[in-house]
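Working notes for the structure below.
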Amino acid sequence: MSSSVPSAEQRLFDAAMRWPNSGGTADAHQHLIDAATQALLDGLDSPGLRMLAGASTRDRSDELSGLLDTSLTELSIPQPGTMEPWQRIESGGRIYSRLPTDTIRFAVAPVHESVGGHEVRVYVNEVELTSLGAGLGMDPFDLLAPTNRLVATAQPQRVPIARCECGVYGCDATDVLLARDGDAVHWEWRGHAPLDHGVSFLAAGYDAEVARIGADRSWETAHDTTARLVLAAVDDKALARYGLRYSWAAPDRRDDRRFVVSLWLDADGPDGHAFQVFLRIGRGGRTPEEVAADVARIVRRPPERWPATYHCTAPGVEAAPTIAGASWRRERLG
Numbered sequence: 001m002s003s004s005v006p007s008a009e010q011r012l013f014d015a016a017m018r019w020p021n022s023g024g025t026a027d028a029h030q031h032l033i034d035a036a037t038q039a040l041l042d043g044l045d046s047p048g049l050r051m052l053a054g055a056s057t058r059d060r061s062d063e064l065s066g067l068l069d070t071s072l073t074e075l076s077i078p079q080p081g082t083m084e085p086w087q088r089i090e091s092g093g094r095i096y097s098r099l100p101t102d103t104i105r106f107a108v109a110p111v112h113e114s115v116g117g118h119e120v121r122v123y124v125n126e127v128e129l130t131s132l133g134a135g136l137g138m139d140p141f142d143l144l145a146p147t148n149r150l151v152a153t154a155q156p157q158r159v160p161i162a163r164c165e166c167g168v169y170g171c172d173a174t175d176v177l178l179a180r181d182g183d184a185v186h187w188e189w190r191g192h193a194p195l196d197h198g199v200s201f202l203a204a205g206y207d208a209e210v211a212r213i214g215a216d217r218s219w220e221t222a223h224d225t226t227a228r229l230v231l232a233a234v235d236d237k238a239l240a241r242y243g244l245r246y247s248w249a250a251p252d253r254r255d256d257r258r259f260v261v262s263l264w265l266d267a268d269g270p271d272g273h274a275f276q277v278f279l280r281i282g283r284g285g286r287t288p289e290e291v292a293a294d295v296a297r298i299v300r301r302p303p304e305r306w307p308a309t310y311h312c313t314a315p316g317v318e319a320a321p322t323i324a325g326a327s328w329r330r331e332r333l334g
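If you count the sequence shown from 1, position 330 lands on 330 in UniProt numbering, and the numbers rise without skipping.
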């Protein structure tokens, strides 16, 4: 996974991309002036570029911005924000897209006991990158089910591919900005980058591998299969009408003959408290498909008819949420 040496035009463009977010400090001014000076040494030349290279760190930011814009125009270098992340500028100013020469492979593997569950590992050119990024691949239920988020479309989308080794996405994270561009699929890193450059794949090979991992069920336990089918059976739009959203599904740790589905209720009632809502479904001797069908049947009813328990995330609040029915009971934690 090697990257070619960027052209003088590309290096000046990169400096222009960094400039708006530099904060306008004396150091930022010096970095821009140094970039212009280096561009002259690399063989670029224009009246505006010579003026920018000769500017002072005491000059106003708007004056330096004007000289930068003039330099880019004179040199036929695109303005920041007008190129896709996977595009580059060759010597002479020609713009090209990164060639799709990389390969991609995914694998689902168990996670160490301190975290539990599984992770989706990402191999680019047979180098495992999730461990080089945030540390741990995403759980399949956050990446592959119920929707395969790795599917590439013409509209760029940001997708998480790695989380902290503790299992939490957020204290460290690796995302990719992925997009389809003709017969290529491009990945650009966001967050904790495992490489110092993006990667690109032939679309046909990428699509085949994404379809393969999306259809792979070899890693699933019976619990995983049940959770996946429950997730697919839940009608998100129907839940949203009541302010509810799916959270997780797993065997009941108090009674392994039952399966628990956890829902989240945001900002309920005049006080705006958040609640966890739990549904328990018998699973003894039943197939995952039967359990999932039972969940779907329950959530199709209005919430007041559910056999549910609840827990308010605000300390000391015992009142039930406003959507609760007479059969709802407070969840006993611990």
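Quick reminder that beta carbons are idealized off the backbone N, C-alpha and C, glycines included.
Only a predicted model underlies this, so the values are computations on that prediction, with no experimental measurement involved.
Worksheet entry | Cross-strand partners of Phe278 (DSSP beta bridge) | Reading the sequence shown from its first residue, position 278 is the one you call residue 278. Residue pairing by DSSP places Phe278 opposite Ser262 and Thr309 in a beta bridge.
Discussion item. Do Pro194 and Leu132 count as a contact pair if the criterion is CB distance below 8 Å?
Written reply: As a working mapping, residue 132 is identified with position 132 in the sequence shown. As a working mapping, residue 194 is identified with position 194 in the sequence shown. For Leu132 and Pro194, yes; Cβs fall inside 8 Å.
Worksheet item: Excluding sequence positions up to five away, which residues of its chain have a Cβ less than 7 Å from the Cβ of Asp252?
Response: Residue numbering aside, residue 252 sits at position 252 when the sequence shown is read from its first letter. Residues of the same chain with a CB within less than 7 Å of the CB of Asp252, apart from the 5 flanking positions on each side, are Arg258, Phe259, Val260 and Arg280 in chain order.
Discussion item. Could you compute how far the alpha carbon of Ile323 sits from the alpha carbon of Cys312?
Written reply: Looking up residue 323 in the sequence shown gives position 323. Looking up residue 312 in the sequence shown gives position 312. So the alpha carbons of these two residues sit roughly 13 Å apart.
Discussion item. Can you tell me where the alpha helix (DSSP H) holding Val210 begins and where it ends?
Written reply: For the purposes of this step, residue 210 is taken as the residue at position 210 of the sequence shown. Segment Ala203 to Ala215, the alpha helix (DSSP H) holding Val210.
Worksheet item: Can you give the Cα-Cα distance for Ala326 and Arg305, rounded to whole angstroms?
Response: Your numbering for residue 326 matches position 326 in the sequence shown. Your numbering for residue 305 matches position 305 in the sequence shown. If you take the alpha carbons of Ala326 and Arg305, they lie about 8 Å apart.
Practice prompt. Within 10 angstroms of the Cβ of Met17, are there 16 or more other Cβ atoms? Answer buried if so, exposed if not.
Written response: Taking the first residue of the sequence shown as 1, we reach residue 17 at position 17. Looking at its Cβ environment, which holds fewer than 16 other Cβ atoms inside 10 Å, Met17 is exposed.
Fill in: 8 Å Cβ cutoff met for Trp328 and Ala314
Indexing the sequence shown from 1 puts residue 328 at position 328. Indexing the sequence shown from 1 puts residue 314 at position 314. Not a contact, by the Cβ cut-off of 8 Å.
Discussion item. Please list the terminal residues of the continuous beta strand (DSSP E) segment that includes Glu188.
Written reply: Taking the sequence shown and counting its residues from 1, the one referred to as residue 188 is at position 188. Glu188: member of the beta strand (DSSP E) spanning Ala184 to Gly191, first to last residue.
Worksheet item: Along the chain, which unbroken stretches of the alpha helix (DSSP H) at least 4 residues long are found entirely within the segment 66-142?
Response: Unbroken alpha helix (DSSP H) runs of no fewer than 4 residues, entirely contained in the segment 66-142, are not found.
Item to complete: Return the chain-ordered list of same chain residues with a C-beta closer than 6 Å to the C-beta of Glu175, the five sequence neighbours on each side being excluded.
Response: On the sequence shown, position 175 is the one that residue 175 refers to. According to the sequence shown, residue 175 is Asp rather than Glu. Excluding sequence neighbours, Asp175 sits near Arg158, Pro160, Arg190 and Gly191.
Worksheet item: So, helix, strand or coil for Arg180, using DSSP?
Response: Position 180 of the sequence shown, counted from the start, is the residue given in the question as residue 180. Three-state result, Arg180: strand.
Fill in: Beta carbon of Tyr246 nearer than 8 Å to that of Asp256
One-based indexing of the sequence shown puts residue 246 at position 246. One-based indexing of the sequence shown puts residue 256 at position 256. Using a Cβ distance threshold of 8 Å, Tyr246 and Asp256 do not count as a contacting pair.
Worksheet item: Under the DSSP definition of a beta bridge, which residues are partnered with Trp248?
Response: Translated into the one-based positions of the sequence shown, residue 248 becomes position 248. As computed with DSSP, Trp248 is found in a beta bridge with Ser262.
Practice prompt. Please go through the same chain and pick out, in chain order, the residues whose beta-carbon is closer than 8 Å to the beta-carbon of Leu231, but skip the five residues on each side of it.
Written response: Residue mapping note: residue 231 aligns to position 231 of the sequence shown, counting from 1. Only Phe141, Ala145, Pro146, Tyr246 and Ala249 meet the Cβ criterion.
Discussion item. Measuring only the C-alpha atoms, how far is Leu40 from Pro20?
Written reply: For this step, residue 40 is matched to residue 40 along the sequence shown. For this step, residue 20 is matched to residue 20 along the sequence shown. Annotation: Leu40 to Pro20 spans about 22 Å, alpha carbon to alpha carbon.
Worksheet item: What do you reckon, are the CB atoms on Leu67 and Met51 nearer than 8 Å?
Response: For the purposes of this step, residue 67 is taken as residue 67 along the sequence shown, with counting starting at 1. For the purposes of this step, residue 51 is taken as residue 51 along the sequence shown, with counting starting at 1. Against a cut-off of 8 Å, the Cβ pair of Met51 and Leu67 comes out as a contact.
Worksheet item: Between Val5 and the rest of its own chain, which residues show a CB-CB distance below 8 Å, the 5 nearest in sequence each way excluded?
Response: Along the sequence shown, read from residue 1 onward, the residue named residue 5 stands at position 5. Cβ within range, chain order: n/a, list empty.
Discussion item. Residues in the same chain with beta-carbon distance under 6 Å from His136, minus the five sequence neighbours each way, listed in chain order, please.
Written reply: Numbered from its first residue, the sequence shown carries residue 136 at position 136. One point to set straight first is that residue 136 is Leu, not His, in the sequence displayed. Excluding residues within five positions, the ones whose Cβ falls inside 6 Å are Glu119, Arg163 and Glu165.
Worksheet item: Hey, is Asp69 close to the ligand MG, as in C-beta under 7 Å from one of its heavy atoms?
Response: Although the ligand MG was asked about, the structure shown includes no ligands whatsoever.
Worksheet entry | Residues that Arg163 bridges to, as DSSP identifies them | Along the sequence shown, read from residue 1 onward, the residue named residue 163 stands at position 163. For Arg163, DSSP records a beta bridge to Leu136 and Ala173.
Practice prompt. Using the Cα positions of Arg105 and Leu229, report the straight-line distance between them to the nearest angstrom.
Written response: For this step, residue 105 is matched to residue 105 along the sequence shown. For this step, residue 229 is matched to residue 229 along the sequence shown. Looking at the two C-alpha atoms, the distance is approximately 25 Å.
Fill in: Cβ-based burial, Tyr96 [other Cβ within 10 Å; buried from 16]
As a working mapping, residue 96 is identified with position 96 in the sequence shown. Looking at its Cβ environment, which holds fewer than 16 other Cβ atoms inside 10 Å, Tyr96 is exposed.
Worksheet item: Where do the ends of the alpha helix (DSSP H) carrying Glu304 lie?
Response: Here the question's residue 304 lines up with position 304 in the sequence shown. Judged by DSSP secondary structure, Glu304 falls outside any alpha helix (DSSP H); it is assigned neither H nor E.
Discussion item. On a Cα-Cα basis, can you pick out the residue from His186, Cys171, Gly170 and Tyr169 that is closest to Leu177?
Written reply: Translated into positions along the sequence shown, residue 177 becomes position 177. The shortest Cα separation from Leu177 among His186, Cys171, Gly170 and Tyr169 belongs to His186.
Fill in: C-alpha gap between Val277 and Glu9, whole angstroms
Against the sequence shown, residue 277 aligns to sequence position 277. Against the sequence shown, residue 9 aligns to sequence position 9. Taking the straight line from one Cα to the other gives about 57 Å.
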